[in-house]
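Trainee: The structure under discussion is supplied below as structure tokens; questions concerning it will follow.
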Amino acid sequence: MSEQVEHEADAPIDRGGYDFHAMQAKWRPVWEKLDPFKARDDGSAERRYALTMFSYPSGDLHMGHGEVFALHDVLARFWFQQGYDVMNPIGWDSFGLPAENAAIKRNEHPATYTYANIETQAESIRRYALSFDWSRRLHTSDPEYYRWTQWLFLRFFERGLAYRKASYVNWCPNDQTVLANEQVVQGRCERCGHEVTKRELTQWYFKTTDYAQRLLDDMDLLQWPEEILLQQRNWIGRSEGAFTDFRVEGREEPIKVFTTRPDTLFGATFMVVAPDSKLAEELVTPEQRGAFDEYLTAVKASTEIERLSTDREKTGVFLGAYATNPVTGERIPVWAADYVLSDYGTGAIMAVPGQDSRDWEFAEKFGLPIVRTVQPEEGFDGKAYTGDGPAINSANAEVDLNGLPIPEAKARIVDWLQDKGLGERTINYRLRDWLLSRQRYWGAPIPIIHCPSCGEVPVPDDQLPVELPDQRGAALAPRGISPLASARDWVDVACPKCDGPAERDTDTMDTFVDSSWYFLRYVSPEYTEGPFDPEAARRWMPAYQYVGGKEHAVLHLLYARFFTKVLHDMGMLDAVEPFTRLLNQGQVINEGKAMSKSLGNGVNLGDQLDSFGVDAIRLTMVFAGPPDDDIDWADLSPGGSLKFLQRAWRLSGAVEAPAGVDFSTGDLALRKITHRTVADATELLESYRFNVMVARVMELVNATRKAIDSGPGAADPAVREAVETVAILLSLVAPYTAEDMWENLGHEPTVAKAGWPKVDPALLVQDSVTCVVQIAGKVKDRLEVSPDITDAELEQLALASDAVQKALDGRGTRKVIVRAPKLVNIVPA
RNA sequence: GCGGCUCUGGCCCAAUUGGAAGAGGCGUCUGGCUUAGGACCAGAAGGUUCAGGGUUCGAGUCCCUGGAGCCGCACCA
Numbered sequence: 151m152s153e154q155v156e157h158e159a160d161a162p163i164d165r166g167g168y169d170f171h172a173m174q175a176k177w178r179p180v181w182e183k184l185d186p187f188k189a190r191d192d193g194s195a196e197r198r199y200a201l202t203m204f205s206y207p208s209g210d211l212h213m214g215h216g217e218v219f220a221l222h223d224v225l226a227r228f229w230f231q232q233g234y235d236v237m238n239p240i241g242w243d244s245f246g247l248p249a250e251n252a253a254i255k256r257n258e259h260p261a262t263y264t265y266a267n268i269e270t271q272a273e274s275i276r277r278y279a280l281s282f283d284w285s286r287r288l289h290t291s292d293p294e295y296y297r298w299t300q301w302l303f304l305r306f307f308e309r310g311l312a313y314r315k316a317s318y319v320n321w322c323p324n325d326q327t328v329l330a331n332e333q334v335v336q337g338r339c340e341r342c343g344h345e346v347t348k349r350e351l352t353q354w355y356f357k358t359t360d361y362a363q364r365l366l367d368d369m370d371l372l373q374w375p376e377e378i379l380l381q382q383r384n385w386i387g388r389s390e391g392a393f394t395d396f397r398v399e400g401r402e403e404p405i406k407v408f409t410t411r412p413d414t415l416f417g418a419t420f421m422v423v424a425p426d427s428k429l430a431e432e433l434v435t436p437e438q439r440g441a442f443d444e445y446l447t448a449v450k451a452s453t454e455i456e457r458l459s460t461d462r463e464k465t466g467v468f469l470g471a472y473a474t475n476p477v478t479g480e481r482i483p484v485w486a487a488d489y490v491l492s493d494y495g496t497g498a499i500m501a502v503p504g505q506d507s508r509d510w511e512f513a514e515k516f517g518l519p520i521v522r523t524v525q526p527e528e529g530f531d532g533k534a535y536t537g538d539g540p541a542i543n544s545a546n547a548e549v550d551l552n553g554l555p556i557p558e559a560k561a562r563i564v565d566w567l568q569d570k571g572l573g574e575r576t577i578n579y580r581l582r583d584w585l586l587s588r589q590r591y592w593g594a595p596i597p598i599i600h601c602p603s604c605g606e607v608p609v610p611d612d613q614l615p616v617e618l619p620d621q622r623g624a625a626l627a628p629r630g631i632s633p634l635a636s637a638r639d640w641v642d643v644a645c646p647k648c649d650g651p652a653e654r655d656t657d658t659m660d661t662f663v664d665s666s667w668y669f670l671r672y673v674s675p676e677y678t679e680g681p682f683d684p685e686a687a688r689r690w691m692p693a694y695q696y697v698g699g700k701e702h703a704v705l706h707l708l709y710a711r712f713f714t715k716v717l718h719d720m721g722m723l724d725a726v727e728p729f730t731r732l733l734n735q736g737q738v739i740n741e742g743k744a745m746s747k748s749l750g751n752g753v754n755l756g757d758q759l760d761s762f763g764v765d766a767i768r769l770t771m772v773f774a775g776p777p778d779d780d781i782d783w784a785d786l787s788p789g790g791s792l793k794f795l796q797r798a799w800r801l802s803g804a805v806e807a808p809a810g811v812d813f814s815t816g817d818l819a820l821r822k823i824t825h826r827t828v829a830d831a832t833e834l835l836e837s838y839r840f841n842v843m844v845a846r847v848m849e850l851v852n853a854t855r856k857a858i859d860s861g862p863g864a865a866d867p868a869v870r871e872a873v874e875t876v877a878i879l880l881s882l883v884a885p886y887t888a889e890d891m892w893e894n895l896g897h898e899p900t901v902a903k904a905g906w907p908k909v910d911p912a913l914l915v916q917d918s919v920t921c922v923v924q925i926a927g928k929v930k931d932r933l934e935v936s937p938d939i940t941d942a943e944l945e946q947l948a949l950a951s952d953a954v955q956k957a958l959d960g961r962g963t964r965k966v967i968v969r970a971p972k973l974v975n976i977v978p979a
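Using my numbering, the first residue of the first sequence is number 151, and each one after it goes up by one.
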């Protein structure tokens with residue numbers, strides 16, 4: 151907290167009767183009684199679903215919440231004013247590790263911490279005056295909610311979209327649980343930042359890869375920031391190429407490889423397989439067994455950070471096996487190296503050092519042959535050449551690629567491979583299936599029973615939810631297996647199929663499963679026949695607007711899209727996409743850096759609200775700049791926001807024209823400004839330019855002040871019109887101030903439903919505009935002209951100007967560009 | 001390494017999408033009102049639009065090169 155802030159808080163300042171504490175105390179109960187933001191869902195108006203990312207209940211709201219909620223609320227309130235039937239729900243993403251860790255530390259149940267925090271946040275949200283429909287509130291940790299999370303899991307399971315497999319998986323040693331690919335950021339745990347290691351485990355997966363292409367294709371339907379779409383596109387990582395078979399000496403099955411560069415096949419001088427793949431295990435010869443085992447051990451011990459480092463020297467080991475290059479017939483060695491990944495493509499590659507820098511490095515280090523198959527550009531002195539050029543050294547008795555540029559060479563060789571049955575065109579995706587099991591307590595139990603005779607048996611729907619056993623405190627301490635496993639009387643059950651002894655699955659679901667469908671639960675939170683009422687979903691989905699952070703680009707936002715598509719395929723949902731428009735707010739930082747405990751530069755939202763009031767803080771957030779930019783709290787002036795609100799508020803006490811007066815008799819100049827402001831604000835709000843919209847309201851306030859003090863005066867009807875307009879526009883950002891203004895103006899609450907002001911188009915037309923006359927781009931004169939002057943008239947007028955004639959000084963004109971009514975540019979001869 | 005975004009008065013940011021560089025706010029300064037004020041009212045100063053080149057009658061805006069900052073991905077064959 152800066153000194154300035156404390157000063158503001160301590161010294162009472164005369165704000166001309168403006169008292170935000172009193173206003174907050176006065177209006178909150180009034181609104182709660184009126185409950186104006188409940189979605190009607192009765193067909194009386196066009197529906198609009200406004201959604202903001204629900205909150206994780208770790209303590210009270212912070213500055214980031216303050217920003218995202220303020221921005222989201224501007225849009226929601228705008229649509230309420232415009233008369234839409236807005237659904238603006240709120241809930242909590244209340245499963246997850248922080249609650250569990252807190253429970254261990256305090257020796258209590260995670261629910262205690264969770265629900266206490268939810269109440270704290272709910273109180274703060276109410277104080278923050280957000281236009282939520284509280285009747286739809288949900289918590290993902292409620293059994294009534296997670297029963298449907300489990301129900302959905304079972305439907306996925308039935309369709310083969312949820313399955314178990316053994317694999318090397320990401321493991322966070324700190325959180326003692328596995329992580330999805332999406333939760334590993336730069337080799338570190340997305341949640342706690344600890345280095346991630348690998349473990350071989352049998353885990354549950356969702357088959358996201360089945361939807362890779364549709365996740366790409368349907369991006370066309372989304373009005374999302376290009377940045378996010380790009381991230382998803384890269385994450386899905388579609389690449390077109392070919393499978394090619396390489397025969398291996400003494401082995402029945404050929405090795406299949408994926409390559410995007412089949413045109414370089416003639417340059418494949420060795421092969422590399424992933425060391426942790428079954429293939430490596432099978433191929434290694436007895437002579438090389440010792441070296442291979444040693445290498446594999448070293449690879450497993452390395453962390454993801456080490457493995458991902460691209461400047462690390464290549465490592466690998468010869469497996470003793472040889473394959474045959476299908477086009478050259480050459481005998482080529484097969485190596486194992488950890489730069490080849492076991493879970494991408496087939497876990498094996500053909501190495502073409504001449505055209506691939508990784509293969510070049512490897513070949514150089516281990517003395518393997520290098521053959522160029524693309525002619526590098528003149529003067530190329532690098533190593534591997536990855537650019538385009540004519541193929542060279544690429545012919546055998548049956549096929550000749552030499553001289554062809556890469557695309558043609560690719561096509562020809564793949565045709566040949568397909569004819570010979572040696573390969574085929576294919577598409578590969580970088581996206582992996584979503585690993586959803588977690589070895590932790592505070593999540594939805596996976597509703598599967600493992601039976602020695604029947605295998606994986608789903609818990610029957612009528613036995614849902616599978617509730618968590620009552621465990622708390624030290625019992626939850628991470629020890630690498632799920633805490634649920636130690637609840638023996640919970641684990642041991644009769645198999646639903648054969649009634650024999652069986653055990654429950656002891657893992658819980660990734661909390662991203664909970665959040666992949668919460669927006670659907672909102673449409674019918676009381677529904678008992680399924681996760682949501684399909685009819686209600688038809689009415690509300692897809693959500694028109696989603697507001698939240700960009701950190702979810704390839705996490706929640708991708709998972710929610712996947713769930714929506716599966717539910718669509720199940721016939722439960724018309725929508726194929728969950729969120730039509732997306733707005734990512736920036737971060738609130740302080741003095742150039744992210745706020746953090748270690749830096750000690752944190753700003754507490756509650757303190758800010760105490761010092762400046764809810765409205766001033768909301769206004770500061772919205773006015774700071776474009777919503778997707780980061781905002782630096784040190785650059786901003788909540789005191790300035792407060793000053794403006796007070797200035798606006800004082801107008802409402804100055805108005806002398808009675809409520810209901812006919813505005814049309816008011817001062818024309820001020821009326822024009824008012825209507826222009828509303829027209830501009832409408833457009834600015836639709837395109838997320840809230841900061842500019844606030845600036846327009848400030849202009850209107852300034853113009854109104856001037857009209858009162860030195861213009862037509864406080865009794866003019868135009869002044870009332872302007873101030874009522876200010877109140878309504880301001881109600882999106884500063885609801886308490888706006889409501890108080892509305893009352894001062896003689897109206898009943900609530901200004902939030904006053905209705906968006908109607909623009910009179912006649913008041914938008916200007917009587918005259920200033921036309922700039924340039925000579926060779928330099929301004930020489932200005933003319934007041936009619937807005938609908940013709941090009942010809944304007945040109946004549948401009949040429950007749952004294953200033954122009956003087957500047958031309960007898961020179962003729964070579965060219966005259968006329969852009970009526972704003973500009974004439976004369977190019978002299 | 002690859003890709004994306006950003007760069008405009010001291011500061012946060014506008015600029016009708018190629019047409020007068022400045023809307024709004026903060027800060028500074030001057031005057032008024034005031035016992036006084038950080039409150040209120042009126043007004044003012046402040047610029048090579050990151051640098052260089054190009055396209056154009058005209059560039060903050062489009063293109064190229066470079067710089068700075070932020071972000072994403074990073075052995076994906």
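Note that the Cβ used here is the ideal one computed from N, Cα and C, for glycine as well.
No experiment lies behind these values; they were computed from the predicted model shown.
By alpha-carbon positions, which one of 939, 943, 948 ends up nearest to residue 932?
Mentor: For residue 932, the nearest C-alpha among the options comes from 948.
Trainee: Between residue 157 and residue 802, what straight-line distance do the alpha-carbon atoms span, to the nearest angstrom?
Mentor: Unreliable placement is indicated for residue 157, whose pLDDT of 36 sits below 50; the coordinate value is still reported in the next sentence. Between residue 157 and residue 802, the C-alpha separation is close to 29 angstroms.
Trainee: Do you know how far the Cα of residue 900 is from the Cα of residue 982?
Mentor: The chain is shown only over 151 to 979; residue 982 falls outside these bounds and no answer can be derived.
Trainee: Is there contact here, the segment 856–865 with the segment 817–834, by at least three beta-carbon pairs under 8 angstroms?
Mentor: They touch, by the three-pair rule.
Trainee: Write down the C-beta distance between residue 204 and residue 243 rounded to the nearest angstrom, noting that I regard them as a contact closer than 8 angstroms.
Mentor: Right, the Cβ-Cβ distance comes to about 5 angstroms (below 8 angstroms), so this counts as a contact.
Trainee: If you count every other CB in all the chains shown that lies within 10 Å of the CB of residue 563, and 16 or more means buried, which is it?
Mentor: It counts as buried.
Trainee: Tell me whether residue 961 sits in a helix, a strand or coil according to DSSP, three-state version.
Mentor: Of the three classes helix, strand and coil, the one that applies to residue 961 here is coil, per DSSP.
Trainee: What's the C-alpha gap between residue 154 and residue 761?
Mentor: Interpretation of residue 154 is limited by its pLDDT of 34, a score under 50 that renders its predicted location unreliable; the figure taken from the coordinates is listed afterwards. Rounded to whole angstroms, residue 154 to residue 761 spans 11 angstroms at the Cα level.
Trainee: Would residue 946 be called buried (16 or more neighbouring beta carbons within 10 Å of its own) or exposed?
Mentor: Counting Cβ neighbours within 10 Å, residue 946 comes out exposed, since fewer than 16 surround it.
Trainee: What whole-angstrom Cβ distance do residue 300 and residue 616 have, given they're in contact under 8 angstroms?
Mentor: Yes, residue 300 and residue 616 are in contact; Cβ-Cβ is about 6 angstroms, under 8 angstroms.
Trainee: Could you check which residue in 261, 287, 263 has the C-alpha nearest to that of residue 98?
Mentor: In this structure the chain extends from 151 to 979, so residue 98 is not present and cannot be described.
Trainee: Kindly provide the ranges of any alpha helix (DSSP H) runs that are 4 or more residues long and lie completely inside the segment 226–259, ordered along the chain.
Mentor: Entirely contained in the segment 226–259, the alpha helix (DSSP H) runs reaching 4 residues are, in chain order, 247–256.
Trainee: Using the Cα positions of residue 208 and residue 614, report the straight-line distance between them to the nearest angstrom.
Mentor: Distance between the alpha carbons of residue 208 and residue 614 is about 28 angstroms.
Trainee: Taking buried to mean at least 16 other C-beta atoms within 10 Å of its own C-beta, is residue 530 buried or exposed?
Mentor: Exposed.
Trainee: Which class does residue 897 belong to by DSSP, given the choice of helix, strand or coil?
Mentor: Residue 897 falls in the coil class under three-state DSSP.
Trainee: Fully enclosed by the segment 926–976, which alpha helix (DSSP H) runs are 4 residues long or longer?
Mentor: Counting only runs of 4 or more, we get 941–949, 952–958.
Trainee: Quick one, are the C-beta atoms of residue 534 and residue 507 less than 7 angstroms apart?
Mentor: Result yes, Cβ atoms of residue 534 and residue 507 sit closer than 7 angstroms.
Trainee: Is the separation between the beta-carbon of residue 217 and that of residue 842 shorter than 7 angstroms?
Mentor: Contact: no.
Trainee: Enumerated in chain order, which unbroken segments of the beta strand (DSSP E) with a length of 3 residues or greater are wholly contained in the segment 359–410?
Mentor: DSSP runs (the beta strand (DSSP E)) wholly in the segment 359–410: 389–398, 405–409.
Trainee: What first and last residue would you give for the alpha helix (DSSP H) that runs through residue 839?
Mentor: Segment: none, residue 839 is in no alpha helix (DSSP H) and carries neither H nor E.
Trainee: What does residue 356 pair with, by DSSP beta-bridge criteria?
Mentor: Looking at the DSSP assignment, residue 356 forms a beta bridge with 312, 584.
Trainee: Return the first residue and the last residue of the alpha helix (DSSP H) that residue 709 is part of.
Mentor: Counting along the chain, the alpha helix (DSSP H) containing residue 709 begins and ends at 706–719.
Trainee: With a 10 Å radius around its C-beta and 16 neighbouring C-beta atoms as the bar for buried, classify residue 577 as buried or exposed.
Mentor: Under this definition residue 577 is an exposed residue.
Trainee: So, helix, strand or coil for residue 348, using DSSP?
Mentor: Three-state DSSP puts residue 348 in a strand.
Trainee: Using the DSSP secondary-structure output, state which residues sit across from residue 743 in a beta bridge.
Mentor: According to DSSP, residue 743 bridges with 740.
Trainee: So what's residue 520 in DSSP terms, helix, strand or just coil?
Mentor: Three-state DSSP puts residue 520 in coil, outside helix and strand.
Trainee: Please list the segments of the beta strand (DSSP E) lying wholly inside the segment 581–669, counting only runs of 3 or more residues, in order along the chain.
Mentor: Those beta strand (DSSP E) runs which fall completely within the segment 581–669 and span 3+ residues are 598–601, 605–608, 642–644, 651–654.
Trainee: Pull up the CB-CB distance for residue 777 and residue 750, whole angstroms please, since I reckon it's below 8 angstroms.
Mentor: Contact flag wrong, Cβ pair sits at about 28 angstroms.
Trainee: Along the chain, where does the beta strand (DSSP E) containing residue 285 start, and where does it finish?
Mentor: Unbroken beta strand (DSSP E) run through residue 285: 283–289.
Trainee: For the alpha helix (DSSP H) that contains residue 181, what are its first and last residues?
Mentor: Element bounds for residue 181: 170–184.
Trainee: Spatial neighbours of residue 913 within its chain, please: CB distance less than 6 angstroms, with the 5 preceding and 5 following residues excluded, ordered by chain position.
Mentor: If we look at residue 913 and ignore the five residues flanking it on each side, its Cβ neighbours are 821, 822, 825.
Trainee: Name the DSSP bridge partner or partners of residue 545?
Mentor: 550, per the DSSP bridge assignment.
Trainee: Rounded to whole angstroms, how far is the Cβ of residue 972 from the Cβ of residue 919, which I believe are closer than 8 angstroms?
Mentor: So it is a contact: roughly 6 angstroms between Cβ atoms.
Trainee: Mind checking whether residue 907 and residue 878 have CB atoms under 7 angstroms apart?
Mentor: It is a contact, given that the beta carbons lie within the stated cut-off.
Trainee: Rounded to whole angstroms, what's the CA-CA distance from residue 201 to residue 661? Just pull it up for me.
Mentor: Straight-line Cα distance between these residues: approximately 19 angstroms.
Trainee: Helix, strand or coil, according to DSSP, for residue 734 in the structure here?
Mentor: Strand, per DSSP.
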